[in-house]
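Those protein sequences? They're chains A and L, same order as listed.
Heads up: the first sequence at position 135 corresponds to 135 in my numbering, and the numbers run straight through without jumps.
Heads up: the second sequence at position 212 corresponds to 522 in my numbering, and the numbers run straight through without jumps.
Idealized CB from N, CA, C, for every residue including glycine.
Structure first, commentary second.
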Amino acid sequence: MIKVEHLTKKYPGHTAIRDLSFEVGKGEIVGFLGPNGAGKSTTMRILSSFMPATSGSASIAGYNVFTQSREARTHLGYMPENVPLYMDMRVNEYLSYRAALKGLGSRRAKERVGDVIELCSLNEMEKRIIGTLSKGYRQRVGLADALVHDPDLLILDEPTSGLDPNQIRQVRELIKNLGKRHTILLSSHILPEVEATCSRIIIINKGRIEASDTPENLVKQLRTSGGIRLEAKTGTDSGIEQLQRITSIRDVSQTTDGEWTTFLLRIEAGMDAREEIFRLCVERGWAVRELANQRATLEDVFVELTHADA
Amino acid sequence: MRKFFALLGRELKSYFYSPIAWVVMFFFLFLTGFMFYSAVKFLTLGPTQVTLMEAFFNQVPFWFGFILLIPLITMRTFSEEWKMGTIETLMTAPVRDWQVVLTKFLGAFIFYIVLWIPTTIYFRIFTMISNAPAVRSDGAYYGSYLMIFLIGMFYISVGCLASALTRNQIVAGVISMCSIMCLFFFAWISFFVLNVSPVLSEFIGYFSAIDHMATFSKGLLDTRPIVYYVSMTALVLYLTLQVFQSRKWKV
């Protein structure tokens, strides 16, 4: 659906993206993840034909975004960051206008506007002037606009920025449902959301792709996994010394709170040392009140990859 | 075609939804009302060769208001889209650049025409009340309004070009005001520069909006100014299109 090859965008003074190459297949939901200034919005703007690349090529549904720009735009529903809207129009008026711009005939446009209003839960706000809507509703109008011509591909730039947790959840559900019928490329730095909705994540930093894989694989590939948390009553024993005897343990840190000591253990990737720890506790007679895995999160991956060169 | 009318509809709505449009209309009608009054007053001063229409369209406030009015109408055409960010949703929709430029121009031009329509009442009122003709011949009605629309068309295209050049509405307004003033006063060079040969002076006179208005309001419909304004408008709109498309060249 999307094919990007050696895309570069230079501004006088700095390079926004360099030699970017990736593909998004039909039906995928791909998340573009990266810190601010990484080049996510730039890439999306190039894909939507808003600005040209310095070099390289990109295509949507087989149409080159620079030479066959109008055909490419017909297959694309784009929602920019900051969701720009005309504040003086009403919601249904705006959506009908956008439907006409995207080439829908008047009967079909009416149908589709009704459909997307339903889909994005805008029924109560249908006749309101856009300038009077809250950010959450404006975001939904932006999404409805992107959907109105039923495009094969949706490109959403930070679709949940500025929303409260309830609204984020609603938009997340919506995106997941849309993913069943559309191909979606979205960008975010809200990590749990990307983890929850996307089948594949591309991590981008300083204009380069650092990693591209499913969320599970990315987490597995982390050099160190999350670790284990142990809360035990070690009495007079030196817990750290004993624990370090277990071979798969790489690092131990502890905090003591009265009789109970909390140990945070970093272990080798892919190993599960809990059984050995349990046996050690039994052997030494330590009372245990917590022995749990702390799973690596996407945030750890993100921080690790984007700080690798720091 | 549907896209074209959708864009045009949006442009017109954006004028009439905004309070600026109504404020401009109010002051415009106030100004033209005052001009009508002073034109009639002028005729009462004594016997004169000019008709009401000529007196009306050749006053200083007329040209003054004209030069101020057009930048006010056109300064928001492109600049606002850039400022609000809506240029992004506009340019990523499958519409052609020339459609956008032409509809923005036409939106401003239609608004301008709507501003002038109520003034046709003035001359009707005059003839009804005084039983004297406002014009020498019917051609003068058509001529005057035709010239209003031609000059307006050209200056509006200049205003659109100025708006396309910058994101700041005020800068666009100032650029268009200065350009229109230069175009307008170009004909008066012969007053300021000494040693102007009669040939050059006559040549410059061809560009004079004041002269054009004077001849047309007498009912003399000369095709030369018509060609001038239509072709200059086309040129300036073409330039506007190039400026608009130049964002695609910023590799």
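In this structure, DSSP gives A:L104 a state outside helix and strand, which the three-state scheme calls coil.
Boundaries of the alpha helix (DSSP H) around L:D521: 519-527.
Along the region 313-337 of chain L, going in chain order, the ones with a CB nearer than 9 Å to a CB of chain A are K313, F315, A316, L317, G319, R320, K323, S324, Y327, S328. In the displayed model, A:T74 falls within a helix according to three-state DSSP. Below the 7 Å Cβ cutoff, chain A contributes S48, S49, F50, R73, Y78 as neighbours of L:T402, in chain order. At a cut-off of 8 Å between beta-carbon atoms, L:V424 makes no contact with chain A. Any Cβ of chain A closer than 8 Å to the Cβ of L:T399 would place that residue at the interface, and such an atom is present. Membership of A:L156 in the beta strand (DSSP E) is indicated by the continuous run 153-157. When the Cα atoms are used, L:M487 and L:F459 turn out to be separated by approximately 18 Å. If you ignore the 5 residues before and after A:E23, its C-beta comes within less than 6 Å of the C-beta of K3, all in its own chain and listed in chain order. Under the DSSP assignment, A:N166 falls in the alpha helix (DSSP H) whose first and last residues are 165-178.
Residues are counted here when their Cβ sits less than 8 Å from a Cβ of chain L; for the region 155-183 of chain A the count is zero. With a threshold of 8 Å between beta carbons, A:K102 makes contact with chain L. Against chain L, the CB of A:Y97 has a partner CB under 8 Å away; the residue lies at that interface.
Rounded to the nearest whole angstrom, the CA to CA distance from L:I380 to A:D300 is 59 Å.
Your pair L:F464 and L:Y539 checks out as a contact, with CB atoms roughly 5 Å apart and the cut at 8 Å. Residue pairing by DSSP places A:W260 opposite A:D257 in a beta bridge. With respect to the 8 Å criterion, A:I175 and A:I184 are classified as neighbours on the basis of their beta carbons. Under the DSSP assignment, A:D145 falls in the alpha helix (DSSP H) whose first and last residues are 135-147.
Residue contact with chain A for L:M311: absent (no Cβ-Cβ distance below 8 Å to any residue of chain A). Annotated three-state conformation of A:M44 is helix, per DSSP. Residue pairing of A:A58 in beta bridges, as defined by DSSP: A:V4.
At a cut-off of 8 Å, the C-beta of A:Y86 has a neighbouring C-beta in chain L. If you check the CB distance, L:L425 and L:M311 do not come in under 8 Å. Within the same chain, and ignoring the five residues on either side of L:D532 in sequence, the residues whose Cβ sits closer than 7 Å to its Cβ are T525.
Taking C-beta atoms as the reference points, A:G34 and A:I204 count as a pair closer than 8 Å. For L:K560, the chain A residues whose C-beta falls within less than 8 Å of its own C-beta are M51, P52, listed in chain order. In the DSSP secondary-structure assignment, L:Y465 is not bridged to any residue.
With the rule of 3 Cβ pairs closer than 8 Å, the region 61-81 of chain A does not count as touching the region 212-219 of chain A. In this structure, the alpha-carbon of L:F436 lies about 8 Å from that of L:A442. Looking at L:L362, L:W498, L:F315, the one whose alpha-carbon comes closest to that of L:A349 is L:L362.
Short of 7 Å from the beta carbon of A:E193, and not among the five residues preceding or following it, lie these beta carbons of its own chain, in chain order: T160, I168, R172. Boundaries of the alpha helix (DSSP H) harbouring L:A349: 329-354, taken from the DSSP string. For L:A331 against L:F421, the beta-carbon gap comes to about 7 Å, under 8 Å, which counts as contact.
Between the region 356-375 of chain L and the region 67-81 of chain A there are fewer than three C-beta pairs closer than 8 Å, too few to call the two in contact. Sequence-distant partners of A:V83 (beyond 5 residues in either direction) whose C-beta falls short of 6 Å from its own C-beta, in its chain, are R138, Q139, G142.
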